[in-house]
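Have a look at the structure below before the remarks.
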Amino acid sequence: MPADTSGVHARRHSVRKSSGDDDLEVRRARGELSCAECRRLKLKCDKKIPCGSCVRRGCPSICPNGSLSSGQGMSRFVLADTTELHGKIQEMGQRIRQLEDALAIFQAGVSNETHPLLRPELLSIKFGPERLIAPEREKPRRDHSVDSIDALGTLTIGERGDAKYFGRSAGSETLFLAGAELEPPIDEDDDYSPLAAEIARLSSSFPFNDGFAVTERTLDLLYTYLPEQPRAWTLCETYLEHAAWSFRPLKRDEIIDDLLTPVYKLKKQRATDPTVPHSVSAHKLAVLYCLFAIGALVDLTLPPFNAEARNYHHLGRAALSSRSVFDSPEIATVQAVLLMANFHTLGGKRYTMDSAWSLTSLACKLSQTLIADRDPARWHMDPKTVQRRRNLFWELFAHEHFLSLALGRPAAIRLSYCDCEFPYDDEQTLDDKGQPRIGHHRWKIEFARDILAVVTESVLTADPPSYETILDLDRKVREKVLPEHLDVFLSPHDEHYTPFTFMKGGLLSQYRAITLLYIHRSFFAQAMLDHPANPLRSAYAPSFLAAYRCASKMIKTSLNHFERFPELCLRWWNVWTHLFSAAITVGCIVTRAPSSTMASSAFIELGLACDMFAKGAVHSRRARSGFAVLCKLRLKAFKAYSQFMSGGKLPKSEDTNYCDDELAIFGGHTRVLVSKMMSRWQIDKAGCNGKSPKQLNGTSPTASTDSAPASPMTEVHPSLVEYLSLLPPGSQVPSPPSASEGLTDSEAAARQSAFSYVTGPAHKPTTLPSLTQQFTPALCNGWTAPSTTLNGNGGVSASTNGTTTQMPPDASMFFDMYGQSFPTTDATAPLHATEDAGLMDLGMLISGESAIDEQWMSFMRDTVLTDKNSRHA
1 MPADTSGVHA RRHSVRKSSG DDDLEVRRAR GELSCAECRR LKLKCDKKIP
51 CGSCVRRGCP SICPNGSLSS GQGMSRFVLA DTTELHGKIQ EMGQRIRQLE
101 DALAIFQAGV SNETHPLLRP ELLSIKFGPE RLIAPEREKP RRDHSVDSID
151 ALGTLTIGER GDAKYFGRSA GSETLFLAGA ELEPPIDEDD DYSPLAAEIA
201 RLSSSFPFND GFAVTERTLD LLYTYLPEQP RAWTLCETYL EHAAWSFRPL
251 KRDEIIDDLL TPVYKLKKQR ATDPTVPHSV SAHKLAVLYC LFAIGALVDL
301 TLPPFNAEAR NYHHLGRAAL SSRSVFDSPE IATVQAVLLM ANFHTLGGKR
351 YTMDSAWSLT SLACKLSQTL IADRDPARWH MDPKTVQRRR NLFWELFAHE
401 HFLSLALGRP AAIRLSYCDC EFPYDDEQTL DDKGQPRIGH HRWKIEFARD
451 ILAVVTESVL TADPPSYETI LDLDRKVREK VLPEHLDVFL SPHDEHYTPF
501 TFMKGGLLSQ YRAITLLYIH RSFFAQAMLD HPANPLRSAY APSFLAAYRC
551 ASKMIKTSLN HFERFPELCL RWWNVWTHLF SAAITVGCIV TRAPSSTMAS
601 SAFIELGLAC DMFAKGAVHS RRARSGFAVL CKLRLKAFKA YSQFMSGGKL
651 PKSEDTNYCD DELAIFGGHT RVLVSKMMSR WQIDKAGCNG KSPKQLNGTS
701 PTASTDSAPA SPMTEVHPSL VEYLSLLPPG SQVPSPPSAS EGLTDSEAAA
751 RQSAFSYVTG PAHKPTTLPS LTQQFTPALC NGWTAPSTTL NGNGGVSAST
801 NGTTTQMPPD ASMFFDMYGQ SFPTTDATAP LHATEDAGLM DLGMLISGES
851 AIDEQWMSFM RDTVLTDKNS RHA
């Protein structure tokens with residue numbers, strides 16, 4: 001029987017066919033042949049990939065080498081209804097998306113790692129075959145995991161429909177507005193030297209006057225209000241000594257050579273010969289008047305917010321209005337508007353931070369009209385003009401970004417549009433080895449360019465930053481180390497001890513702490529809400545520690561400033577703003593986590609801050625507004641801490657009544673704050689009192705509220721250990737011997753790092769100002785605040801209404817850490833608050849859908865503002 005060779009021939013044919021198929025696929029991929037599906041159906045193929053025929057028939061994924069089954073009935077079944085097929089794919093994709101979201105939420109609760117099924121390469125499966133064809137047309141999907149908090153900020157609505165927006169970094173400004181609701185009506189001194197009607201009209205028309213109706217007589221009238229030349233020199237020197245340490249758009253030589261000398265020379269010439277033309281620009285005269293206004297405002301021989309300063313301010317506005325600001329700006333125009341914005345931050349109750357921000361934004365736009373953001377050397381300007389324009393631009397840039405971050409609003413100048421070089425560093429010195437040392441203002445503008453611009457761009461964007469972004473920003477701030485020769489505090493016995501040198505020495509050290517607090521504050525609140533018994537167990541424990549340490553440093557620095565130059569600190573907005581943020585931070589630790597090892601020192605630091613606000617409230621509107629809020633916080637802190645120390649359970653948060661899902665609350669649900677005090681309309685508070693709305697709290701329903709164990713820091717989240725390992729070695733010091741008793745090696749190491757991070761690097765003890773040993777009573781809602789004193793046993797005693805509660809000895813850690821005793825002071829609070837608790841107590845309601853920083857404000861709502869048990873008759 002002959003051998004069967006059919007199998008051999010079949011295998012040879014299969015090999016030849018396979019080789020031929022490979023060649024066809026290569027040629028189809030090159031577009032040389034029709035695609036397989038068009039060839040099967042005998043259709044004309046345009047030989048594109050995918051071809052037009054396959055795209056029209058809804059099967060682009062099989063082009064060019066794939067084809068649908070041609071079996072009996074199969075073609076009609078597969079392509080019976082392309083719309084139905086795509087609908088099914090979309091339905092399945094939606095289901096996959098829901099399962100992914102549920103898995104992400106579950107995984108976040110049990111681990112800080114991403115689930116293997118949520119890898120980026122697997123997330124595109126739900127989009128169907130078209131995802132592989134045109135990925136550029138797909139918008140990136142926003143991640144709604146707990147790694148970011150989708151909060152837009154606070155939208156405040158006035159009773160007459162006016163609105164005010166504070167971004168996600170401006171929680172302090174929202175609370176300042178809330179505190180202003182508690183202020184009793186205080187009439188500020190309005191009597192100032194009457195100005196001519198024409199001058200008053202020009203001042204009120206700023207910035208929209210076109211200047212066409214201004215005559216030489218009007219300009220002569222402006223010159224008649226100039227102070228005597230000795231007083232003018234004094235005001236300019238006062239500005240340079242008491243204000244230029246923070247903000248310097250003009251240097252001394254420019255003030256003298258371009259403003260003082262030519263203006264008074266022209267005034268003298270016009271007095272003897274009226275035909276002498278006005279050779280000095282009206283806007284330069286405006287700059288001089290604005291300098292006078294700030295100089296009078298920071299003149300320590302005059303009362304704060306004095307009438308002389310307001311007079312010069314109105315004259316500066318009138319001089320600016322004598323010529324169009326928009327149509328014919330000059331460098332002096334930008335300088336005058338910027339100085340006016342600075343005056344608004346310091347000028348008392350009749351000016352707000354909102355007007356300061358608006359004027360700063362106007363100055364930015366005017367500077368872009370003058371191409372100040374482009375390097376002037378490109379236009380072959382003379383060296384003096386080049387240096388002055390560079391100095392003005394970078395001072396404007398730094399000022400605007402600090403203000404934008406404080407108010408949570410976008411900056412008008414972006415680095416991508418700028419190529420202006422830094423000005424010459426006229427403060428540069430040489431060290432002992434002959435190496436150059438950077439000057440104060442150069443380091444400030446470098447910090448603004450390298451750090452502030454990046455932070456503003458990341459924190460204030462429409463999409464909330466992820467926690468990975470937050471930690472990356474933290475790393476960048478810490479890498480921007482302040483040189484040792486700039487990080488100094490002079491003693492009163494130093495031969496160079498002046499307001500300028502002292503305030504300048506402490507300013508730069510606060511820049512990093514302030515920026516870190518802005519970065520971490522939102523996630524600090526989240527850590528407190530997640531784990532009130534031990535925030536170090538939260539995934540956001542790094543933010544908790546960073547925020548506390550920055551707040552503690554800012555309180556100590558502010559107390560140093562206020563102790564040395566109280567009259568000067570009363571007049572600077574940033575002193576009260578940053579101290580207020582720090583006080584809120586340490587106060588929240590006491591009220592929400594009294595079992596924390598930082599709670600005792602935080603309670604004392606809160607008392608120090610309240611004492612400073614009580615003193616400042618006598619003269620400063622900003623301090624009065626902040627003190628009204630801190631008074632309530634201090635009461636809640638005392639109650640929470642005394643309850644914990646007496647063996648009771650930790651304070652329990654109110655259950656939320658507007659949403660059961662915490663992630664939904666912090667991820668996008670919004671609220672509106674309705675304020676009774678907007679646009680500075682004066683409304684009688686007595687007639688506005690009503691029933692308080694239900695208190696709305698943003699606490700996690702799953703957060704533990706039971707009493708904490710004896711060592712609440714024995715468990716920390718792995719993210720904290722990783723974060724602490726990245727800190728500079730100098731920031732870790734040995735912890736006390738008893739800090740690690742009973743712990744495993746890893747737990748002891750983590751706790752030691754945490755303690756080291758909180759207490760800071762080992763260095764010479766910082767001397768705290770001798771402000772207070774006994775925190776004097778503050779009147780809130782008719783209640784006497786607890787007075788806190790150091791007892792003979794090293795502990796702390798807090799008393800109210802005759803009842804004394806013993807605080808633990810570890811509260812003295814704060815004092816031992818800095819080696820300072822605190823003598824008694826007699827600060828009293830000038831305020832009385834209304835009776836209602838909650839946000840109604842602050843003149844605000846919560847309703848509807850809006851854009852509020854849900855994570856911070858709901859935290860404040862529960863921690864600072866709403867305590868229905870705090871009302872007393």
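Quick note: the sequence shown uses the UniProt record's numbering, first residue 1, plus one each step. Heads up, the beta-carbon is just placed ideally off N, CA and C, and yes, glycines get one too.
Query                                                                                                                         : Result
Simplified DSSP state of Leu-430, which is helix, strand or coil                                                              : strand
Cross-strand partners of Arg-437 (DSSP beta bridge)                                                                           : Thr-429
Member of Cys-550, Thr-515, His-242, Glu-468 whose CA lies at the smallest distance from the CA of Thr-501                    : His-242
Leu-545 - containing alpha helix (DSSP H), residue span                                                                       : 541 to 564
Cα-Cα separation, Asp-210 to Leu-288                                                                                          : 21 Å
Distance between Lys-88 and Leu-33 (C-alpha atoms, nearest Å)                                                                 : 33 Å
Neighbour-count burial assignment, Ala-134, 16 or more Cβ in a 10 Å radius                                                    : With a pLDDT of 42 at Ala-134, under the threshold of 50, the modelled position of that residue is not reliable, and the figure given next carries that caveat. Result: exposed.
Minimum Cβ-Cβ distance from Phe-422 to chain D less than 8 Å                                                                  : No chain D appears in this structure, which consists of one protein chain only.
C-alpha distance - Ser-322 paired with Ser-367, whole-angstrom precision                                                      : 19 Å
Residue 874 versus Asp-257, Thr-238, Asp-258, Phe-402, residue with shortest Cα-Cα distance                                   : In the structure as shown, the chain begins at 1 and stops at 873. Residue 874 is therefore absent and cannot be evaluated.
Endpoints, alpha helix (DSSP H) assigned at Ile-413                                                                           : Here Ile-413 belongs to no alpha helix (DSSP H), and DSSP marks it neither H nor E.
Sub-8 Å separation of His-485 and Arg-437 beta-carbons                                                                        : yes
Cutoff 6 Å; reference Cys-290; Cβ partners in own chain excluding five residues on either side                                : Gly-316, Ala-336, Leu-339, Met-340
Chain-order list of residues whose beta-carbon lies under 7 Å from that of Ala-547 (same chain, five-residue window excluded) : Leu-517, His-520, Arg-521, Phe-524, Thr-585
8 Å contact criterion, which Leu-370 and Ile-331 should meet: CB distance rounded                                             : 7 Å
Nearest candidate by alpha-carbon position, reference Glu-457, set Arg-414, His-441, Asp-432                                  : Arg-414
Exposure label - Met-92; buried when at least 16 CB within 10 Å                                                               : exposed
Ala-593 vs Ala-533 beta-carbon contact at 8 Å                                                                                 : yes
Close beta carbons around Pro-249, own chain, < 6 Å, minus the five adjacent residues each side                               : Gln-335, Leu-338, Leu-392, Glu-395
N-terminal and C-terminal residue of the alpha helix (DSSP H) that Pro-383 is part of                                         : 383 to 407
Cutoff 6 Å; reference Leu-269; Cβ partners in own chain excluding five residues on either side                                : For the record, residue 269 in the displayed sequence is Gln; it is not Leu. For Gln-269, where only same-chain residues beyond five positions count, the Cβ hits under 6 Å are Val-276.
Touching by the beta-carbon criterion (3+ pairs, under 8 Å), the stretch 245 to 261 and the stretch 347 to 362                : no
Closest residue to Thr-515 among Leu-608, Gln-435, Ala-406 (Cα-Cα distance)                                                   : Ala-406
Ile-255 in three-state terms, based on DSSP                                                                                   : helix
For Ser-328, three-class secondary structure by DSSP                                                                          : coil
Whether Gly-505 touches Trp-576 by CB criterion (8 Å)                                                                         : no
Euclidean distance between Cα positions of His-531 and Tyr-641                                                                : 17 Å
Cβ neighbour criterion (16 or more within 10 Å) applied to Ser-404                                                            : buried
Beta-carbon separation (whole angstroms), Phe-247 vs Ala-293, contact threshold 8 Å                                           : That belief does not hold up - the Cβ atoms of Phe-247 and Ala-293 are roughly 13 Å apart, past 8 Å.
Element boundaries [alpha helix (DSSP H), containing Asp-220]                                                                 : 216 to 224
Per-residue burial, Phe-106 [other beta carbons within 10 Å of its own, 16 or more giving buried]                             : exposed
Contact belief for Ala-372 with Arg-389 at Cβ below 8 Å, rounded distance in angstroms                                        : 6 Å
Whether Leu-219 touches Ala-271 by CB criterion (8 Å)                                                                         : no
Backbone CA spacing between Tyr-312 and Phe-206 [nearest angstrom]                                                            : 15 Å
Secondary structure of Ile-371, DSSP reduced to three states                                                                  : coil
Alpha carbon of Phe-447 to alpha carbon of Arg-27, nearest angstrom                                                           : 59 Å
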